[in-house]
Every structure is written in structure tokens, then in C-alpha cells.
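>
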Amino acid sequence: MTPASSLDAFIARAFGRSSPLCVAQFGDLAAEILVDDTARPQGFEHALINTDAAPQARFAIVVGDDPVLRRFVPERVDEIHLMRTPDVYAYWRPAPDHGFFVFTRRDQRGVCWFPDSSAPAWAIGQPCVSLLPAAIEGSGWVLAHAAAVGKDGRFLLMLGPGGAGKSTATLSCIRAGWDYAGDDYLLVNPQRGLVAPLYASVRIRAGIASAFQALVNEAFAVSDDNGAARFELRIPKVPHGGRVVALLSLDRKGQKDVTIGPGRPQDFLGTLLRESTARAPGSAPAAASGLLAVGRMAETFRVDTGVDPAAIPDAFARLLETFA
Amino acid sequence: MVYYRTDVPETASELFDGELVIAHYGSGLYFSLSPVGALIWQGLRHGLSDVETAAWLSEKLSGNAAEMASASLDFVGQLAAEGLIIAVDSRATSGELPVVPAGVWQAPVVERFDDLQELLLLDPVHDVSEAGWPHRPDDAGQ
């Protein structure tokens, strides 16, 4: 029996334990989400964007120990394990928040299994994110660590490392009535110049929570991200995507006011490559060309979002107007 | 005189305002080539040999011809050593020869970043064999 075919038993078991939760939209991909009885009350639906479209893929989310699934835990449990073939992507994520993620292209089925009694909060805020690079490979879309807000179908794509101010800028714009296409992870199509949302959720650090208290009060989960609390928030307005008109390379330099100046794609590409492939190790070879091409989607600006979140939407609006 | 191919397996590259970025999954490294370095890479991609590329840039840019030729050949050697180009037996044209903006020669530079190495170097078939992970121990002998 080959490793790939042995995964059929894993997938069959996971789907056998699960029943439908919803059909979710991930960019162009509609996927039926199934959960088992342990996963069902954990709130995965809060982050998903529901759709009436016919599903092209099926993802099962299973939480908790299982005598059949347990047999696929690798011997060296504390090491990353990957298998990547033309048909199969399989990723064992080691402790502390270990999980096993499998996607098979031949039947467009994927499984997220979290062996502990509850799924980690990041996985509840970003359901199935580790399956998506394999599921969308070849579609022209790539999973990107970025945020995007816009108006009238024109979007600003924000790039930069954690702590650069993406979530602050995103929430400030949402509060000001902007459209939202994602925070932390979203989809981009460099050839078509488009951005599309994956989730209706935003993750914010405790440090900026007080600036968005009304939203934080409605947080559906609180993550522990390397010892730092992250609030998982559901965005009330249905997210949607559009055309990317500018790339914002966010970088805090201690400016008081929002400052926007010329930037270079080289300033964010390294971070984009690293962070975009972090949730699905092994995806870099397929995704790297697309991620590098993000730098050609639009003009790049270097942005310091300043100290007053309320000032961000006006500054961004002035920039957006130049692309009318 | 040596010809090279620039469409190297396990790499992805993109030009931005004259600078070239290359991600190499085989080494797990990420490179940024200065504008003159990017021109050299494009000359090789177009099918010029290392010597022809040096001569082409010497014609287009002002500077000491011998110094330009020497630095250009050294730079090609550096790209080859990093696995960003591969020597081939004959000329293989691919891509347009770019317009070289008039100016003074500046020594080509390749910057090398290793902060992606952990992610890019992950072996995509780690620990997998007929009897390896992921498998069910119960399957042995079936």
C-alpha cells in the first residue's frame, strides 16, 4: 500500500465522522464544510463566508482523538512532516497546536484533524487555511499574508510583517464603512489584478483591542499566538473583493501622522513569501511565482499608519481618489 | 565563452524597476540583483554568452572596459555558484534583450537573504516511503 492510498482510510474516517456545516466561499472556490460533533460547537462558522454556490470541494474538520485517525500520527510527533505529490498534500503540524491536514486533488477532498479536545483558536478564525494552497493550485489565485480594504471595487492591498499595522488599518477602515477583503490571509490573482476574501474574520492583538472595544466585545474566540492574546472578530459586513489599485508596504517608523510615500516591492516580498507559506509548509514552490508577481500588480507605496487609527481612513481615501 | 540558462528549476524570478528578485527553493535562499546585475542576467537569458554579455554592457555603459568585463564575468560566476544560472552547451534565446538606460557602469551586486530558508528548504517528501509516514501500522503485510 502506498502512503497516498493509505490516506484514503484517513479521509474516509474523517468524513464518516462528519456532517455538513455550510458551503463556504474561498475566492472562486466554493467548498462544503463538514464538521464532527466535537468541532461543531467550536464556532468555525463565525469566520466563514457562506454561499449558495454548488461546492467544488469538500473539507472535513475533525476535533479530538480517534482510534483510526491516531494511526496517522508520525513517530516523531514534534517534527513537521510533509508529503507532496501531484495528487496529495499532507502536513503534520507539530505541537503545541498540532494538527494533520490532508488534501487530495483527484476527489477535491480535504481534512483538518486536531487531535486535542479543541481546535486552536487560529484554526477557528481561519478554517481550512492549511488546505487552501493545495486546493487552489493552478487556478491563478495564491494565498497571501496581507490585508485589503476598498471602496467601489477598488482595493488597497496592505503588506508587511505582523505588527506593521495591517489589522489596525483594516479595522479603522471597516469602522469608517469601507469594504473589506481580508486581514491576515486572503487570495490574490496577480494576472487579473484581483483580491478576494477568504474569511469574515479579523485577528487583532490585545495591544490595539482598546481602540476597537465594540468589536472586541463580540469576539468569538481568543487565540494564544506565541504567548500573545489575539482576538478573533467577525466582520458584520459581508466581505468581497475587487481590483487592486495600490500596494501598501506598511512599516512603523514612529510617525505621528499617517505618512504615505514611494515604496518598492522588494521591501515586502521576502516577508510576503515567508508569511504566506507559513500555514501550509511545502506550498512555496507552487506559490512563489504568484507571490513574487504580487509586486507587479500595482504601484507600491510605503506607509506608516501613525498613532491615531481614526486618521487612517481619510489618508487612505485620499490615496484611493488618485486612482479614480 | 559560456552560455547559460536562466530558467532554472526550483526558482522563481521577477523584475521590479530594473532590479531582479529570485527565490530559490533548492537552497532556500532569496536573492536581489542590482540593476546592472539584472541586466547581466537578462543578457544571459537572451542567449548571450558571458563574454558577449560583458561586451554588450561595455558598449552601452560608460566606464573602464576592462574593469566592466572583469566584474561582469565574476558576477556571472557568482550567479552560477549560487545555482541561479546553469551552464549549457549552446545558445538558447529566451526573452527580449532590454534597453539599457544610458549611464555610468556600477558594479553588479547580488544580495542574499536566508530568512526564508526554513520554509523553502522543507523537504516536500520528508519521511515518506512505501512503509513510511503517512501510513497505518496495521497495513503492514496487507
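Here the protein sequences come in this chain order: W and R.
One rule links them: number in my numbering = place in the first sequence (from 1) + 28.
One rule links them: number in my numbering = place in the second sequence (from 1) + 161.
Backbone N, C-alpha and C fix where the C-beta goes; we use that ideal spot for every residue, glycine too.
Source: prediction; values computed, not measured.
1. Could you tell me which residues DSSP pairs with W:R60 in its beta bridges?
2. Would R:E213 count as contacting chain W if we go by Cβ distances under 8 Å?
3. Thinking just about the alpha-carbon of each residue, which of W:F248, W:G178, W:G205, W:P337 is nearest to the one in W:E349?
4. Compare the C-beta of R:E175 with all C-beta atoms of chain W and state if any pair is closer than 8 Å.
5. I'd like to check one pair, W:P309 with W:Y119: are the Cβ atoms closer than 8 Å?
6. CA-CA distance, W:R346 and R:E180?
7. Quick one: list the residues of chain R neighbouring W:S317, beta-carbon separation under 7 Å, in chain order.
8. My output table needs one value for W:F38: the three-state DSSP class, helix, strand or coil.
9. So R:E180 contacts chain W; which residues on that side make the cut at Cβ distance below 7 Å?
10. Pick helix, strand or coil for W:M325, following the three-state DSSP scheme.
11. Can you pull the DSSP bridge partners for R:T172?
12. If we cut at 8 Å on Cβ distances, does R:V286 have a partner in chain W?
13. The beta strand (DSSP E) spanning W:T132 covers which residue range?
14. Which word fits R:R206, buried or exposed, when buried means at least 16 other C-beta atoms lie within 10 angstroms of its C-beta?
15. Could you pull the start and end residues of the alpha helix (DSSP H) that W:W141 belongs to?
16. For R:V182, which residues of its own chain have a beta-carbon under 6 Å away from its beta-carbon, when the five flanking residues on both sides are left out?
17. Which parts of the region 184 to 230 of chain R are runs of the beta strand (DSSP E), unbroken and 3 residues or longer, counting only runs that do not cross its ends?
18. Counting only Cβ pairs nearer than 8 Å, list the residues of chain W close to R:Y186.
19. How many angstroms separate the CA atom of W:G210 from the CA atom of W:I232?
A quick look at the data gives this:
1. Mapped onto the first sequence, residue 60 of chain W falls at position 32. Here the sequence assigns Glu to residue 60 of chain W, which means Arg is not the residue at that position. DSSP output for W:E60 lists W:V51, W:R86 as bridge partner(s).
2. As a working mapping, residue 213 of chain R is identified with position 52 in the second sequence. Chain W, which has no Cβ nearer than 8 Å to the Cβ of R:E213, makes this no.
3. One-based indexing of the first sequence puts residue 349 of chain W at position 321. For the residues W:F248, W:G178, W:G205, W:P337, the minimum Cα distance to W:E349 belongs to W:G178.
4. By one-based count along the second sequence, residue 175 of chain R stands at place 14. Yes, contact with chain W.
5. Counting from one through the first sequence, the residue named residue 119 of chain W turns up at place 91. Counting from one through the first sequence, the residue named residue 309 of chain W turns up at place 281. Against a cut-off of 8 Å, the Cβ pair of W:P309 and W:Y119 comes out as a contact.
6. Within the first sequence, the letter at position 318 stands for residue 346 of chain W. Within the second sequence, the letter at position 19 stands for residue 180 of chain R. Their Cα atoms are separated by approximately 29 Å.
7. Position 289 of the first sequence holds residue 317 of chain W. Chain R residues near W:S317: A173.
8. For the purposes of this step, residue 38 of chain W is taken as the residue at position 10 of the first sequence. The three-state secondary structure of W:F38, taken from DSSP, is helix.
9. Counted from its first residue, the second sequence places residue 180 of chain R at position 19. Ordered by position in chain W, the residues that pass the 7 Å Cβ test against R:E180 are Q294.
10. Numbered from its first residue, the first sequence carries residue 325 of chain W at position 297. Note: W:M325 maps to coil in three-state DSSP.
11. Position 11 of the second sequence, counted from the first residue, corresponds to residue 172 of chain R. R:T172 pairs with R:H185.
12. The residue given as residue 286 of chain R occupies position 125 in the second sequence. Low confidence applies here, because R:V286 scores a pLDDT of 43, under 50, leaving its location unreliable; read the following figure in that light. It does; some Cβ of chain W falls within 8 Å.
13. Looking up residue 132 of chain W in the first sequence gives position 104. Its beta strand (DSSP E) spans residues 127 to 132.
14. As a position in the second sequence, residue 206 of chain R is number 45, starting the count at 1. Label assigned to R:R206: buried.
15. Residue 141 of chain W sits at position 113 when you count from the first residue of the first sequence. First-last for W:W141: 137 to 142, but that is the beta strand (DSSP E), not the alpha helix (DSSP H).
16. In the second sequence, residue 182 of chain R corresponds to position 21, counting from 1. If we look at R:V182 and ignore the five residues flanking it on each side, its Cβ neighbours are E175, S193.
17. 190 to 194
18. For the purposes of this step, residue 186 of chain R is taken as the residue at position 25 of the second sequence. Ordered by position in chain W, the residues that pass the 8 Å Cβ test against R:Y186 are A312, P313, A316.
19. Counting from 1 along the first sequence, the entry for residue 210 of chain W is found at position 182. Counting from 1 along the first sequence, the entry for residue 232 of chain W is found at position 204. If you take the alpha carbons of W:G210 and W:I232, they lie about 13 Å apart.
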